[in-house]
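Take a look at the structure set out below.
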Amino acid sequence: MSLLEIRNLKVEFDTAKGPFKALDGVDYTVDAGEVLAIVGESGSGKSVAMLATMGLLPDSATIAADKMEFEGLDLQTLSARDRRRVIGKDISMIFQEPIASLNPCFTVGFQLGETLKAHTDLRGKKVKTRVLELMHAVGLPDPEGRFNAFPHQMSGGQCQRVMIAMAIACSPKLLIADEPTTALDVTIQKQILDLLVQLQRDSGMGLIMITHDMGVVAETADRVIVQYKGRKMEEADVLSLFERPQNPYTKALLSALPENATGDRLPTVSDFAEAGGF
């Protein structure tokens, strides 16, 4: 049995211009110990799918699926109370913008401690001890000094490490990383990716990596799902995808990589679409 299994997921938003279909019947599965990359350009529905899984979409969204199960637990029929017991503990998510995800009015130590209090029996000094352990585990310099720091007193990379510490605080079985390196410089990106992969290997949890960066996919993933306009174009193991892409959209993505340039101008996805590729 898969750790997470989603079948025929559809998401539609009510807008001023009428209904907008963000996802149109996509399937996802991920096993314990596996790294699944979901790749595609902005607007392809990558984040929407995971937010739907987490139950974090606004009321304007209509969500339907033939199946949405985590370890056999039906996520569609869970009460709000039962969902809160699962989300944040067994399933955690790292969001795109760490600064926007942290509360500016509270110290990072306090915010990490609140996660532990919500999902574990730790209290008092044991909470602070565990928070410092987590800060050390994600490579934050001077955990004692950073414990009472506010988010604005830390760099983007340090805030992202706090978000990772928060996500792994309760030893989740599934971690969703939504563009975890988008706002970071190249050096910090590599450190964060290495950290996520190391944490995944050490704990054996499932990891879903949402990205538009094919380099990240090549370095981290076991299996890849390629999305375009809310639909799944292709699914394959990472080696097969790069060596033998089957779908025209996948071929377009790979052809647009700088290392695959063959002339003065890189082809774009639009070139393939205009040629009738998809």
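In full-length UniProt numbering, the protein residues as written are 1 to 278. Where is the CB? At the ideal position from N, CA and C, for every residue including glycine. In this text, all values refer to a predicted model and were calculated from it rather than measured experimentally.
A32 and M205 do touch by the CB rule: their CB atoms are close to 7 Å apart, below 8 Å.
Judged by DSSP secondary structure, L102 falls outside any alpha helix (DSSP H); it is assigned neither H nor E. Contiguous alpha helix (DSSP H) elements confined to the segment 190–274 occur at 214–220, 238–243, 248–255 and 269–274, taking only those with 4 or more residues. With respect to the C-alpha of A221, the residue from L116, S79 and E34 having the closest C-alpha is E34.
Within the same chain, Cβ atoms closer than 8 Å to the Cβ of R83 are found at G55 and L75, the five residues on either side in sequence being excluded. For the pair M50 and L9, the CB atoms are not nearer than the 8 Å cut-off. Counting along the chain, E133 sits inside no beta strand (DSSP E); it lies in the alpha helix (DSSP H) bounded by residues K125 to A137.
The alpha carbon of S60 has as its nearest neighbour, out of S101, P143 and E12, the alpha carbon of E12. DSSP places L116 within a helical segment (H, G or I) once states are collapsed to three. Secondary structure of P143 (DSSP, three-state): helix.
Excluding residues up to 5 positions away in sequence, F147, N148, A149 and F150 lie with their Cβ nearer than 8 Å to the Cβ of T107 in the same chain. In terms of CA proximity to M93, S171 leads the group G25, V127, K128 and S171.
Apart from the 5 residues on each side of it in sequence, R231 sits with its Cβ closer than 6 Å to the Cβ of D24 in its chain, given in chain order. At a Cβ-Cβ threshold of 8 Å, M214 and L239 do not count as neighbours.
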